[in-house]
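As you go down the protein sequences, you meet chains A and B in turn. The opening residue of the first sequence carries number 95 in this note's numbering; numbering runs sequentially from there. The opening residue of the second sequence carries number 95 in this note's numbering; numbering runs sequentially from there. First up is the structure itself, then whatever we jot down about it.
Protein chains: 2
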Amino acid sequence: MRMTDIARLAGVSTSTVSRVFHGSPLVNEETAQRVRAVLNDSRYIPDGLARGLKSGITNIYGLVITDITNPFFPEIVKEFESIAAERSREIMLTNIDFHKNGMGDSVRRLLTWKVDGVAILTSNPDRRSMDDLTANSIPMATLDRRLLGPGLSDIAVDNLPGMIQGMAYLDNLGHKKIGYIGGLPGEAISKHRRGEFIHALKKQGFAVRSEYIKAGDFRISGGAAAIQELLVLNDPPTAIFTANDMTAIGALHAAQKMGYKVGEDISIIGLDDIAFAEMTTPALTTLRLSRPRMARAFFDALDYFGSRPSSIGQQYTVKTSLVIRDSTGPAKVKKNQRSSR
Amino acid sequence: MRMTDIARLAGVSTSTVSRVFHGSPLVNEETAQRVRAVLNDSRYIPDGLARGLKSGITNIYGLVITDITNPFFPEIVKEFESIAAERSREIMLTNIDFHKNGMGDSVRRLLTWKVDGVAILTSNPDRRSMDDLTANSIPMATLDRRLLGPGLSDIAVDNLPGMIQGMAYLDNLGHKKIGYIGGLPGEAISKHRRGEFIHALKKQGFAVRSEYIKAGDFRISGGAAAIQELLVLNDPPTAIFTANDMTAIGALHAAQKMGYKVGEDISIIGLDDIAFAEMTTPALTTLRLSRPRMARAFFDALDYFGSRPSSIGQQYTVKTSLVIRDSTGPAKVKKNQRSSR
DNA sequence: CTGAAAGCGCTTACAG
DNA sequence: CTGAAAGCGCTTACAG
Numbered sequence: 095m096r097m098t099d100i101a102r103l104a105g106v107s108t109s110t111v112s113r114v115f116h117g118s119p120l121v122n123e124e125t126a127q128r129v130r131a132v133l134n135d136s137r138y139i140p141d142g143l144a145r146g147l148k149s150g151i152t153n154i155y156g157l158v159i160t161d162i163t164n165p166f167f168p169e170i171v172k173e174f175e176s177i178a179a180e181r182s183r184e185i186m187l188t189n190i191d192f193h194k195n196g197m198g199d200s201v202r203r204l205l206t207w208k209v210d211g212v213a214i215l216t217s218n219p220d221r222r223s224m225d226d227l228t229a230n231s232i233p234m235a236t237l238d239r240r241l242l243g244p245g246l247s248d249i250a251v252d253n254l255p256g257m258i259q260g261m262a263y264l265d266n267l268g269h270k271k272i273g274y275i276g277g278l279p280g281e282a283i284s285k286h287r288r289g290e291f292i293h294a295l296k297k298q299g300f301a302v303r304s305e306y307i308k309a310g311d312f313r314i315s316g317g318a319a320a321i322q323e324l325l326v327l328n329d330p331p332t333a334i335f336t337a338n339d340m341t342a343i344g345a346l347h348a349a350q351k352m353g354y355k356v357g358e359d360i361s362i363i364g365l366d367d368i369a370f371a372e373m374t375t376p377a378l379t380t381l382r383l384s385r386p387r388m389a390r391a392f393f394d395a396l397d398y399f400g401s402r403p404s405s406i407g408q409q410y411t412v413k414t415s416l417v418i419r420d421s422t423g424p425a426k427v428k429k430n431q432r433s434s435r
Numbered sequence: 095m096r097m098t099d100i101a102r103l104a105g106v107s108t109s110t111v112s113r114v115f116h117g118s119p120l121v122n123e124e125t126a127q128r129v130r131a132v133l134n135d136s137r138y139i140p141d142g143l144a145r146g147l148k149s150g151i152t153n154i155y156g157l158v159i160t161d162i163t164n165p166f167f168p169e170i171v172k173e174f175e176s177i178a179a180e181r182s183r184e185i186m187l188t189n190i191d192f193h194k195n196g197m198g199d200s201v202r203r204l205l206t207w208k209v210d211g212v213a214i215l216t217s218n219p220d221r222r223s224m225d226d227l228t229a230n231s232i233p234m235a236t237l238d239r240r241l242l243g244p245g246l247s248d249i250a251v252d253n254l255p256g257m258i259q260g261m262a263y264l265d266n267l268g269h270k271k272i273g274y275i276g277g278l279p280g281e282a283i284s285k286h287r288r289g290e291f292i293h294a295l296k297k298q299g300f301a302v303r304s305e306y307i308k309a310g311d312f313r314i315s316g317g318a319a320a321i322q323e324l325l326v327l328n329d330p331p332t333a334i335f336t337a338n339d340m341t342a343i344g345a346l347h348a349a350q351k352m353g354y355k356v357g358e359d360i361s362i363i364g365l366d367d368i369a370f371a372e373m374t375t376p377a378l379t380t381l382r383l384s385r386p387r388m389a390r391a392f393f394d395a396l397d398y399f400g401s402r403p404s405s406i407g408q409q410y411t412v413k414t415s416l417v418i419r420d421s422t423g424p425a426k427v428k429k430n431q432r433s434s435r
């Protein structure tokens, strides 16, 4: 059923149907009611292609994801979709992992569909692709890049509140020697996050010991490798922060394999609070990054540009907070350490 | 840059540009080369809206997901997207969890965008929505419903091979008493899956004991509740199959809380092999359901309809296979049980 | 082998 | 307050 059919049935022009459909006040109430009746009876569904072609607005937002199987992302996607559905927006999903051309292909496809905005959920979006988007006046929202521009907003993660809570909590438990397993060495986000760790460490009056700070890769394997190096030190840390939950989970398992009781012999703190953080044994103490808030920020960021796609974007920030579970506990004074004095 | 501009630059009509762009052989090679040069130089990106409006083909596939945060789905979505990208198809994602109108809104939105097909990744798609899709000649592929029709294919999961392997494996380990924690009682898939369990049980010559078969809900909580009932029996099972990994993980944690050593005192077998199955402690023995194969089947199912959206669909089947990890081990003869004789 | 023309289903100035 | 008309950027018979 096309708008033309509705118009014929209601005895008006398509112009009027279109106005009624979009709730324009420029229509006589009686006429509007008649049209609405026909619209409902026929269960009219508009043609998004025609509407988009004519108006230049598709109400589609593109979502560029690094790797949807990383449990951090589905929760954001879900919330984002939920908000989008409420506002009659669509989501076009592109996963860029394993695509040889990086973001290039994704963006090309998104441009084909004239999306109204793109949420880029990767820490390393490539410059060329972003330029293509800018050239076509398509607004973007990025993750933790902290760079703004025309049609470009950013959603940053502020780990400091959670880190500071975590340090105070560890201090209470008697910990003094705090380690850190970071993200991939090359990435800006890794550097920033490590900075936050050091800042919180100092704030609590803990010593900054460079041998306690290792790089990871945001994955299970990196966490496992790094904690092995830390636990093998002569005077190892008694508690360890990590750059994300995957790293913490890797560290947790590796420590267990080495014979440590996590939460007793060694305390481990994650970051993100993915759903599986409470499924590990012991359940993971972590810094929660609210996924609903992230999703809301991304949506707001894109929505903000509305009809002015080239206005300067805004910086949004989402804070973390400490969630205490069982992978942390009182600092343990090792018996063999005492006896060796 | 529109096609009109390309035509002007190349000194031909838009008809010719269109033909060249789509690789039609009806164009003189010299002309084609000239057009291709302009196409490349200008980095022409077609307008999907205009193309779709005119041709009736969008190359967009809709994906209807129950809950993207259930780790079973992202892996399918990822593979599906990867195949789609290769074939220049788009994915429009709709998550139906928490949407009051169930699939209704999702389908309405998908109809607005004239998607070429819809993959429905939920065990309970509502009839009305499917009828709407059928009425609009939009092909569908469903998950484990085992019903075909015009424009309707199905991807079934065959758990028997994995179940049978699992039974033989348990038999070797000396187990005789095998329990099962199923899915949500109402759903057809739960009934089917339980049937497969019983079939495999008999095939291995194990006794079918109704008190060993409990319902779950495909979630952590259901698995936890059910295993508590099983372990409290006078003569409890020594090994337990589950309807999915989430159920198994819930069971694993609950058993541990009750003081059981999983893999020693009690063996637990999951189903799916989600990524986190190897992250539990102990790592989960499970029946793997290949997600790449599932995704491929869904894509093929939709692709199959091509230009005949109303032809009768096909039944696809994906088999499971046993993956042995640490949540299973030799059957234990309980000391107190022996002494109580 | 190539182009002029119609038309997909809408929206939106414009005229009345 | 309402409608006729143009046009968004393509594709596709049709004619030559």
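Quick reminder that beta carbons are idealized off the backbone N, C-alpha and C, glycines included.
For residue i, which three-state DSSP category applies?
i, result
"Val-132 (chain A)", "helix"
"Asp-181 (chain B)", "Note that residue 181 (chain B) corresponds to Arg in the displayed sequence, not to Asp. The answer is coil: DSSP assigns Arg-181 (chain B) none of H, G, I, E or B."
"Thr-379 (chain A)", "strand"
"Asp-440 (chain A)", "No information on residue 440 (chain A) is available, as it lies outside the stretch 95 to 435 that chain A covers here."
"Ala-319 (chain A)", "helix"
"Lys-355 (chain A)", "coil"
"Leu-103 (chain A)", "helix"
"Ser-361 (chain B)", "strand"
"Val-417 (chain B)", "strand"
"Lys-285 (chain A)", "helix"
"Leu-254 (chain A)", "helix"
"Gly-276 (chain A)", "coil"
"Ser-434 (chain A)", "Only weak support is given to the placement of Ser-434 (chain A): the predicted model assigns it a pLDDT of 38, under 50, and the question is left unresolved by the model."
"Gln-408 (chain A)", "coil"
"Lys-270 (chain A)", "coil"
"Gly-260 (chain A)", "helix"
"Gly-146 (chain A)", "helix"
"Lys-296 (chain A)", "helix"
"Leu-241 (chain B)", "coil"
"Asp-311 (chain A)", "coil"
What does a CB cutoff of less than 6 Å around residue i pick up in its chain, not counting 5 residues either side in sequence?
i, result
"Glu-281 (chain B)", "Ser-217"
"Ile-89 (chain A)", "Outside the displayed range of chain A (95 to 435) lies residue 89 (chain A), so it cannot be described from this structure."
"Tyr-354 (chain B)", "Ile-360"
"Asp-226 (chain B)", "Val-201"
"Asp-161 (chain A)", "Asp-191"
"Ser-284 (chain B)", "Gly-276, Gly-277 and Leu-278"
"Asn-189 (chain A)", "Ile-159 and Ile-162"
Using C-beta distances below 7 Å, list every residue in its chain close to residue i, excluding the 5 sequence neighbours before and after it, in chain order.
i, result
"Ile-368 (chain B)", "Pro-165, Phe-166 and Asp-339"
"Gly-316 (chain B)", "Gly-310, Thr-341 and Gly-344"
"Arg-432 (chain A)", "With a pLDDT of only 41 at Arg-432 (chain A), under the threshold of 50, the placement of this residue in the model should not be trusted, and no figure is reported."
"Val-106 (chain A)", "Thr-125 and Val-129"
"Met-97 (chain B)", "Thr-108, Val-111 and Ser-112"
"Leu-120 (chain A)", "Arg-113"
"Pro-403 (chain B)", "Ser-231, Ile-232, Pro-233 and Gly-245"
"Ala-318 (chain B)", "Gly-344, Ala-345, His-347 and Ala-348"
Can you name, in chain order, every residue of its own chain whose Cβ lies under 8 Å from the Cβ of residue i, other than the five neighbours on each side?
i, result
"Ala-293 (chain B)", "Note on identity: in this sequence residue 293 (chain B) is His, with Ala being the wrong assignment. Counting only Cβ-Cβ distances below 8 Å, and skipping sequence neighbours, we find Leu-254 and Met-257."
"Ser-434 (chain A)", "Residue placement at Ser-434 (chain A) is poorly supported in this model, since its pLDDT is 38, which falls under 50; the coordinates are not used for a value here."
"Leu-324 (chain B)", "Gly-273, Ile-275, Tyr-306, Lys-308, Pro-330, Pro-331 and Ile-334"
"Thr-422 (chain A)", "Tyr-263, Leu-264, Leu-267, Ala-333, Gly-357, Ser-361, Ile-362, Ile-363 and Thr-379"
Worksheet item: Would you call the region 250–262 of chain A and the region 401–417 of chain A in contact, with 3 or more CB pairs under 8 Å?
Response: yes
Fill in: Interface positions of the region 127–141 of chain A facing chain B (Cβ-Cβ less than 8 Å), listed along the chain
Ile-139, Pro-140 and Asp-141
Worksheet entry | Segment contact flag, the region 110–120 of chain A with the region 128–141 of chain A, C-beta cutoff 8 Å, min 3 pairs | yes
Worksheet item: Is the number of C-beta pairs between the region 284–304 of chain A and the region 258–265 of chain A that are closer than 8 Å three or more?
Response: yes
Item to complete: Pull out every residue of the region 353–380 of chain B whose Cβ sits closer than 8 Å to any Cβ of chain A, in chain order.
Response: Ala-369, Phe-370, Met-373, Thr-374 and Thr-375
Worksheet item: Which residues, in order along the region 163–191 of chain B, keep a beta-carbon less than 8 Å from a beta-carbon of chain A?
Response: Thr-163, Pro-165, Phe-167, Pro-168, Glu-169, Val-171, Lys-172, Glu-175, Ser-176, Ala-179, Ser-182, Glu-184, Ile-185, Met-186, Leu-187, Thr-188, Asn-189 and Asp-191
Item to complete: Scan the region 193–209 of chain B for residues whose Cβ lies nearer than 7 Å to a Cβ of chain A and list them as they occur along the chain.
Response: His-193, Asp-199, Arg-202, Arg-203, Leu-205, Thr-206, Trp-207 and Lys-208
Worksheet item: Do the region 320–340 of chain B and the region 270–289 of chain B touch if we need at least three Cβ pairs shorter than 8 Å?
Response: yes
Fill in: the region 152–162 of chain B touching the region 213–227 of chain B, judged by at least three CB pairs closer than 8 Å
yes
Item to complete: Anything in the region 226–251 of chain B with a Cβ closer than 8 Å to a Cβ of chain A? List those residues in chain order, please.
Response: none
Item to complete: Entirely within the region 154–237 of chain A and at least 4 residues each: give me those alpha helix (DSSP H) ranges in chain order.
Response: 166–180, 197–206 and 221–229
Worksheet item: Per the contact definition of three or more C-beta pairs closer than 8 Å, is the region 226–246 of chain B in contact with the region 394–402 of chain B?
Response: yes
Discussion item. Can you pull out the residues from the region 322–341 of chain B whose beta carbon lies closer than 9 Å to at least one beta carbon of chain A?
Written reply: none
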